[in-house]
Amino acid sequence: MDRVLLRRRGDAVAVHEGDGTVTEVPADGLPALVRARAGVRWVWDDTTRWYPALLAAGVRVERCTDLRLCAAVLRRSPHAARGPAEDPGWAALEPVTAGDPALFDLADPADALDPVAEDRRQQAVLAASPQRARLGLLLAAESSGALAAAEMTHTGLPWRADVHDRLLTGLVGPRPAAGLRPPVLEALAGEVRVALGTPDLNPDSPAVLLRALQTAGLPVEDTRSWTLERFEHPVVAPLLEYKRLARLLAANGWSWLDTWARGGRFRPVYLPGGVVTGRWASSGGGALSVPVQVRPAAVADDGWCLVVADVAQLEPRVLAGMSADTALADAARSADLYAGMVDAGVVATRAEAKVGVLGALYGGTRGESGRMVPRLARRYPRAIGLVEEAARAGERGAVVSTLLGRGSPVPGAAWAERDADLGEAPEPGGRDSDRARRAWGRFTRNFVVQGTGAEWALCWLADLRNRLWRLGEERLGEERLEERPHLAFFLHDEVVVHTPAELAADVATEVRAAAATAGRLLFGTFPVDFPLDVAVVRSWADAG
DNA sequence: TTGCTTAGCGCC
DNA sequence: AAAGGGCGCTAAGCAA
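Residues 100 to 643 (my numbering) make up the first sequence, in order.
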């Protein structure tokens, strides 16, 4: 397969062929060039600096190498062999978003970097890695994720502002003028003020509210919902309702609609690799925490459907695979892993299974969770052993890694930060640093599983992206991405595909096939299943 | 005015 | 019911 590197040269683009030939094309000729060379792996500094313009010109890229993301993976990976030093400019390079001044800035820091040298360096590091295949897969998956992210921002998630508006109006009354509360919230605020005897209270201020609650005789130290729920007092019911609605309005109310859901699409900005574990982050619009409450507004276009798919219990399944724990994999043969554990007689109830597994993944030590973990350890020694070892490594200050080789950060400044985060007064005898070490151990324990889960999801997404493209080619013959079945949303272990209705059943098949591919890519022939819940729906809210 | 932290809560 | 890991976002509140 051809690898062709693109490098910006003022208003032109230098095209570096694999054989060393370099040609130049004007920047506005790039879409035609890329379109004409299907199958090439395009190598570039940063997908966010190249791909949006290509997509806007109607050109889809099949595969790429994103040097910025790959450099970030290699920088941390314990499987990356030492090689020539990396230009620190790569670590400082920030992704850009549409409308970002950096896009049009003549002084884009990306232009000061040498992508040819960096590509050569990365190839050498990879070639020398003792885990070349896994690390190579990770780099390919990470780069493919960058393409999928740009495409999802380009196509967006279909979003019906009228449905969203009716939903808000039904809950809080008509949209008020700027700076005012809608009627239902104003009424609830009034009830709260009466119940507390504070006519001027602003319930949006936690500090003021806390003092008012204490003055009214409630022995509370904070104003969290689950704290308030414990008390029988006339203020509790209206205050909880106020907080629930005020939260919705602040996070996903009318101003969210104005800002993020224009033109019938919600276009979040995804940040692949934005979380240390390898999960994506997002920027703007709160894409990764769209409340269930507003999901009815995500409605497919006329004649189209949403295919919503999520993996049940991704992380324990990933743990079974990466630890080659056949007993846990047996439980995972069931569509409900927790039910599988009950059937195997490991625990008595599904609730015990769940709390035990979460305790093992997160490092729970107290309560029911702490009591369950030893029982799981007897039954699943390899799986529990793997996360326990990751926790011990973290406590020692060692680096841990995911299955494909993403490395955890070294506990340096972060270690001290966590100390401060705990907010505890320093104690004599080093107990404070013990606490920090255990906290870091919980982080590394979760890192290996959350990170490998993210790798599975990336492989799933990458394979599905190609399957959907081919499906559109074969069945529709449409040229443009947005006219074919396409990824519309991605959230850790869930995808939403927007598809012409007549292809929905085929899309469901491809979604499952891609999950099977991801399992094989990560775990080979080890028998661990990744069953999906797949729903073909008009609205996102109708799934699950 | 801008920029930062904190409290609180939404998602996985 | 909360705990244990990872995030982003908003309003409030404060500092500069």
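From the three backbone atoms N, C-alpha and C, an ideal C-beta is built for every residue, glycine too.
- Annotation for H597: the continuous beta strand (DSSP E) segment containing it runs 593-599.
- Residues W143 of the same chain have their beta carbon placed closer than 6 Å to that of W149, with the five preceding and five following residues left out of the count.
- Annotation: A634 is outside any alpha helix (DSSP H); the continuous beta strand (DSSP E) that includes it extends over 631-636.
- When W359, G272, W353 are compared, the shortest CA-CA separation from P367 is found for W359.
- With contacts defined by Cβ atoms closer than 8 Å, L300 and V291 form a contacting pair.
- Counting the other Cβ atoms within 10 Å of the Cβ of S228 gives 16 or more, which makes it buried.
- When rounded, the separation of the alpha-carbon atoms in V114 and D213 is 13 Å.
- Residue state for W568 is assigned as helix, using DSSP reduced to three classes.
- Following the DSSP letters along the chain, one finds F622 inside the alpha helix (DSSP H) bounded by residues 603-622.
- Approximately 7 Å separates the beta-carbon atoms of P151 and H253; this is inside 8 Å, confirming the contact.
- With a cutoff of 8 Å on beta-carbon distance, L295 and L312 are scored as near each other.
- In summary, V509 is exposed, with fewer than 16 beta-carbon neighbours lying within 10 Å of its beta-carbon over all protein chains present.
- CA-CA distance, S388 to R175, rounds to 28 Å.
- In this structure, the beta-carbon distance from L557 to A613 does not fall below 8 Å.
- The region 165-232 contains no complete beta strand (DSSP E) run of 3 or more residues.
- In chain order, L105, V124, A126, L129 place their CB closer than 6 Å to the CB of V112, counting only its own chain and leaving out the 5 sequence neighbours on each side.
- About 19 Å separates the CB atoms of A248 and V406; that is not less than 8 Å, and the two are not in contact.
- In the three-state DSSP reduction, P125 falls in the strand class (E or B).
- Judged by their CB atoms, L317 and E328 are not nearer to each other than the 8 Å cut-off.
- Contact between the region 178-190 and the region 151-163 is not established, with fewer than three Cβ pairs separated by less than 8 Å.
- By alpha-carbon distance to A191, the top candidate from H178, P177, A197, A209 is A209.
- If you draw a straight line from the Cα of T448 to the Cα of V441, it is about 6 Å long.
- In chain order, E467, S468, M471 place their CB closer than 7 Å to the CB of V454, counting only its own chain and leaving out the 5 sequence neighbours on each side.
- Bounds of the beta strand (DSSP E) holding R140 are 140-143.
- With fewer than 16 neighbouring CB atoms inside 10 Å of its own CB, M100 falls in the exposed class.
- Within the same chain, R394, A397, L405, V407, V595 come within 7 Å of W639 by CB-CB distance, once the 5 residues on both sides are set aside.
- For L104, the uninterrupted beta strand (DSSP E) run begins and ends at 102-108, by DSSP.
- If you draw a 10 Å sphere on the C-beta of E573, you find fewer than 16 other C-beta atoms in it, and that means exposed.
- The continuous alpha helix (DSSP H) containing W325 extends over residues 324-327.
- In the three-state reduction of the DSSP assignment, L256 falls in the strand class.
- For V446, the closest C-alpha among the options R478, G463, L225 is that of R478.
- In the DSSP assignment, the residues bridged to S381 are Y369.
- Of the residues T322, A430, G384, R259, the one whose Cα lies closest to the Cα of P630 is A430.
- Per the coordinates, the alpha-carbon of R167 lies some 9 Å from the alpha-carbon of E193.
- Here W355 is buried: its Cβ has 16 or more other Cβ atoms, across all protein chains shown, within 10 Å.
- With a threshold of 16 other beta carbon atoms within 10 Å, W325 falls short and is exposed.
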